[in-house]
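Some notes on the structure that comes next.
In mature numbering (1 follows the signal peptide of the UniProt record, and there is no 0), the protein residues as written are -37 to -1, 1 to 718.
Shown next, in the form of structure tokens:
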């Protein structure tokens, strides 16, 4: 890696359409398209290939490469920026344009830009957070300062993809030793210098070159903080010249400027300014091309840097652009024998490191986090290297939530091959999250819940976590819990907790809203649990608390509040493999609870309550089905507050008001069918779902009253959106009890209870 100092006037421009950082982010990434290359034949002039940055527009590079191979034009040097570095780097390692095209069409790009592993692989503790309606944004705190993430995407999955695609070069530290000598261009965000990678870690070099500021987190390499190379040199002509190329083929896929009618907000104006600077700088670079050089500028039209779903279209446009340049390109062709020799050298080398003999984990500031990584990766030692298993195990460790990135490298030591694991912790050990929930029936009935969560990680050397949840609205109060894992794998845990809350609860009788209570709860708990696998957990919790119901609305003397002291043991077993709780497409979640209350320690309630909640999801393309059931029973028919459960509201017997039905015996079964609409291949979109539900159930005050003839049939029609604030639903529901209602709801399709 070497630096090329740039004048102070070098403005951050290469951010291929910086307008939306996320769009850019994708831009740099997408370049991960394979191709193959080799050194040019000795008798032929050295042809250098320059691949510019452009995000998804860079898929056009593949079309150009298809024509170069078809016309037997050997490339002896290649350099790229951002997207161009991905295409160029993979071509230099021996991939073919056909392999690249397949890669573009098969990668799930939406998933590629989500750092976490699939939800089913997350620890149960992180799955629980889904039920607190939290936004997916961490606000860190360290050394007395609030810290925001340095990128919307940390790039964990992208780095794993690049690492896999470049495994054949694991022991090639000099980029001149690749089948085709290669350079990747990045920028030092601290100094503004251009950084040209000519040696080191190929995957990391490519990842650095496409770290679009604001979209992807910068990459630290050799003490330097690196971002997208488009910031300093979006079409690295001079880099390829410095490599010794005698003739250049230059492909420029930069985005055009916005038209005047599109300049309607500050974000677009800023994007236009940066794009204008980038285009002006690129023009000056292209003006240095000589008569022997070939410039190819694919007419990509309205394809943006984020539209990876249009990759195939961009490839075809790139192919047509190269074919339009054939009169000049054919002058660079070689005979079949010469090109066959070129291809033989260009072929991607086999990768077979054999057994993983050892595991080295680079130490960090959190001993418990490092042990977590070691445990996750331990089973790879003594086994043949398996990229799928390595990525799965690293994903499991990453799902712990404390890491910004976890990388790995194949290394050799004393004649043996092993794995070096490089975990990078987040810059903070304390972080906050915000959450939001809303229910409105457009008829005066509404409630909201705003929450803020503050978590301290690594409170001690055993990896304890202290979480505090503050709530305002329908539930107001504080819940504080101290999670302490134990054992070699951390599967056992103890969790003392304090719960202080005031909750609004309505009293409905035969469709009439008779009263409104504010229930004041004070509870201490001590939970012990075991979760050896991310799919399941068993636990038992000792609780001691008090509930006091104060009448807010209603006639005193006719309806009054009450106070209850309780103590007991709460048992739970949970199995959770749902891929998503907002709009699930696959998996099963079952939670079974047994609550045993005793009149001890001053408590005045006695009884047992059983609860069961189950949800199963399946998808067939755009069509989804969610089946669910919810049962509650006070086994001895005791009527104390802890034994009550509530139904009513969207998907919980639609048509009724929220929590309009209650009793110590409740049953609910539902089937929800929904279809995703719009272009599902787009990376940035606001997914919309249309669906319907069929529900049945009721609530009773005793087991003797439970009767199948009393079951209420309900249903709803809804439109749902997956928004940055979480899922939002506009729905209309009705039931055969004569109730109907409109609903505006922020929350999950599962409609879980807030604990």
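Idealized CB from N, CA, C, for every residue including glycine.
- Sequence-distant residues of its chain with Cβ nearer than 8 Å to residue 10 (five each side left out): Counting from one through the chain shown, the residue named residue 10 turns up at place 47. The answer, listed in chain order, is 3, 36, 37, 38, 39, 40, 208, 209, 210, 211, 212, 295.
- Message: Suppose you measure from the CA of residue 81 to the CA of residue 322; what does that come to, to the nearest Å?
- Response: The residue you call residue 81 lines up with position 118 of the chain shown. The residue you call residue 322 lines up with position 359 of the chain shown. Taking the straight line joining both Cα atoms gives about 25 Å.
- Message: For the structure I just gave you, are there three or more beta carbon pairs, one from the segment 522 to 538 and one from the segment 494 to 502, closer than 8 Å?
- Response: yes
- Quick one, which of 238, 143, 363 has its alpha-carbon nearest residue 452's? Locating residue 452 in the chain shown gives position 489, counting from the first residue. Checked all of 238, 143, 363; the closest Cα to residue 452 is 363.
- Task: Check the C-beta distance from residue 309 over to residue 143 and give it rounded, since I have them as a contact under 8 Å.
- Result: To locate residue 309, count along the chain shown from 1; it is residue 346. To locate residue 143, count along the chain shown from 1; it is residue 180. Residue 309 to residue 143, Cβ: 7 Å. Contact.
- Query: Thinking C-beta only, is residue 447 closer than 7 Å to residue 117?
  - Reply: For this step, residue 117 is matched to residue 154 along the chain shown. For this step, residue 447 is matched to residue 484 along the chain shown. No, they are not a contact pair.
- Task: Check whether the Cβ atoms of residue 27 and residue 360 lie closer than 7 Å to each other.
- Result: Taking the chain shown and counting its residues from 1, one reaches residue 27 at position 64. Taking the chain shown and counting its residues from 1, one reaches residue 360 at position 397. Not in contact: residue 27 and residue 360 (Cβ atoms no closer than 7 Å).
- Boundaries (first-last residue) of the beta strand (DSSP E) holding residue 675: Here residue 675 is taken as the residue at index 712 of the chain shown, counted from 1. Residues 675 to 686.
- Message: I'd like to know whether the C-beta atoms of residue 254 and residue 281 end up nearer to each other than 7 Å.
- Response: One-based indexing of the chain shown puts residue 254 at position 291. One-based indexing of the chain shown puts residue 281 at position 318. No; because the gap between Cβ atoms is not below 7 Å, this pair is not in contact.
- For residue 29, count neighbouring Cβ atoms within 10 angstroms of its own Cβ and tell me buried if that reaches 16, exposed if not. Position 66 of the chain shown holds residue 29. That one is buried.
- Where residue 301 sits in the DSSP three-state scheme: Within the chain shown, the letter at position 338 stands for residue 301. Helix at residue 301.
- Task: Tell me whether residue 72 is buried or exposed, calling it buried when 16 or more other Cβ atoms sit within 10 Å of its Cβ.
- Result: The residue you call residue 72 lines up with position 109 of the chain shown. Buried, by the Cβ-count rule.
- The beta strand (DSSP E) enclosing residue 221, as first and last residue numbers: Residue numbering aside, residue 221 sits at position 258 when the chain shown is read from its first letter. Per DSSP, residue 221 belongs to no beta strand (DSSP E) and is neither H nor E.
- Query: For residue 396, which residues does DSSP report across the bridge?
  - Reply: Working through the chain shown from its first residue, we reach residue 396 at position 433. Bridge partners of residue 396: 416.
- Opening and closing residue of the alpha helix (DSSP H) in which residue 128 lies: Here residue 128 corresponds to residue number 165 of the chain shown, with the count starting at 1. From DSSP, the alpha helix (DSSP H) with residue 128 extends over 119 to 128.
- Looking only at its own chain, which residues have a Cβ that is under 6 Å from the Cβ of residue 591, when we skip the five neighbours before and after it? Along the chain shown, read from residue 1 onward, the residue named residue 591 stands at position 628. Around residue 591: 578, 633.
- Query: Would you call the CB atoms of residue 384 and residue 93 closer than 7 Å?
  - Reply: In the chain shown, counting from the first residue as 1, residue 384 sits at position 421. In the chain shown, counting from the first residue as 1, residue 93 sits at position 130. Result no, Cβ atoms of residue 384 and residue 93 do not sit closer than 7 Å.
- Message: Contact defined as beta carbons within less than 8 Å: I believe residue 410 pairs with residue 402. What is the distance between those atoms, to the nearest angstrom?
- Response: Taking the first residue of the chain shown as position 1, residue 410 is located at position 447. Taking the first residue of the chain shown as position 1, residue 402 is located at position 439. So it is a contact: roughly 5 Å between Cβ atoms.
- Query: Do you know offhand how far residue 414's Cα is from residue 654's?
  - Reply: Along the chain shown, read from residue 1 onward, the residue named residue 414 stands at position 451. Along the chain shown, read from residue 1 onward, the residue named residue 654 stands at position 691. Answer to the nearest angstrom: the Cα atoms are 29 Å apart.
- Query: What's the C-alpha gap between residue 563 and residue 526?
  - Reply: Sequence index remark: in the chain shown, residue 563 carries index 600 (1-based). Sequence index remark: in the chain shown, residue 526 carries index 563 (1-based). Looking at the two C-alpha atoms, the distance is approximately 16 Å.
- Task: List the residues that DSSP assigns as beta-bridge partners of residue 478.
- Result: Here residue 478 corresponds to residue number 515 of the chain shown, with the count starting at 1. 470, per the DSSP bridge assignment.
- Which residue comes first and which comes last in the beta strand (DSSP E) that contains residue 105? Stepping through the chain shown from its first residue, residue 105 is reached at position 142. 102 to 105 is the extent of the beta strand (DSSP E) around residue 105.
- Message: Within 10 Å of its beta-carbon, does residue 391 have 16 or more other beta-carbons around it, so buried, or fewer, so exposed?
- Response: In the chain shown, residue 391 corresponds to position 428, counting from 1. Under this definition residue 391 is a buried residue.
- Item | residue 61 versus residue 50: straight-line alpha-carbon distance, rounded | The count along the chain shown starts at 1 and reaches residue 61 at position 98. The count along the chain shown starts at 1 and reaches residue 50 at position 87. Straight-line Cα distance between these residues: approximately 12 Å.
- Task: Using 10 angstroms around the beta-carbon of residue 586, count the other beta-carbons present and answer buried if the total reaches 16, otherwise exposed.
- Result: Locating residue 586 in the chain shown gives position 623, counting from the first residue. Result: exposed.
- Query: Quick one: is residue 32 buried, meaning 16 or more other Cβ sit within 10 Å of its Cβ, or exposed?
  - Reply: Locating residue 32 in the chain shown gives position 69, where the first residue counts as 1. Under this definition residue 32 is a buried residue.
- Message: Please classify residue 247 as buried or exposed, where buried requires at least 16 other C-beta atoms within 10 Å of its C-beta.
- Response: One-based indexing of the chain shown puts residue 247 at position 284. The residue is exposed, with fewer than 16 neighbouring Cβ atoms inside 10 Å.
- Selection from 234, 716, 687 that minimises the alpha carbon distance to residue 268: For this step, residue 268 is matched to residue 305 along the chain shown. The residue with the shortest Cα to Cα distance from residue 268 is 234.
- Item | Range of the contiguous beta strand (DSSP E) that encloses residue 183 | The residue you call residue 183 lines up with position 220 of the chain shown. Segment 182 to 184, the beta strand (DSSP E) holding residue 183.
- Contact check, residue 662 vs residue 618 under 8 Å by CB: the rounded distance? Within the chain shown, numbered from 1, the residue matching residue 662 stands at position 699. Within the chain shown, numbered from 1, the residue matching residue 618 stands at position 655. Not confirmed; about 14 Å, so no contact.
- Secondary structure at residue 323, three-state DSSP: helix, strand or coil? Here residue 323 refers to the residue found at position 360 when the chain shown is read from its first residue. In this structure, residue 323 counts as strand in the three-state DSSP scheme.
- Starting from residue 205, follow the beta strand (DSSP E) in both directions and report where the run begins and ends. Numbered from its first residue, the chain shown carries residue 205 at position 242. Here residue 205 belongs to no beta strand (DSSP E); instead the alpha helix (DSSP H) covers 200 to 205.
- Evaluate residue 713 with the Cβ neighbour count: other Cβ atoms within 10 Å of its Cβ, from every protein chain shown; 16 or more gives buried, anything less gives exposed. For this step, residue 713 is matched to residue 750 along the chain shown. Residue 713 comes out buried.
- One or two residues paired with residue -37 in a DSSP bridge: In the chain shown, counting from the first residue as 1, residue -37 sits at position 1. Residue -37 pairs with nothing; no bridge assigned.
- Message: Can you tell me whether residue 668 is helix, strand or coil according to DSSP?
- Response: Numbered from its first residue, the chain shown carries residue 668 at position 705. Helix at residue 668.
- Query: What does DSSP give as the partner residues of residue 368 in its beta bridges?
  - Reply: By one-based count along the chain shown, residue 368 stands at place 405. Answer is 387.
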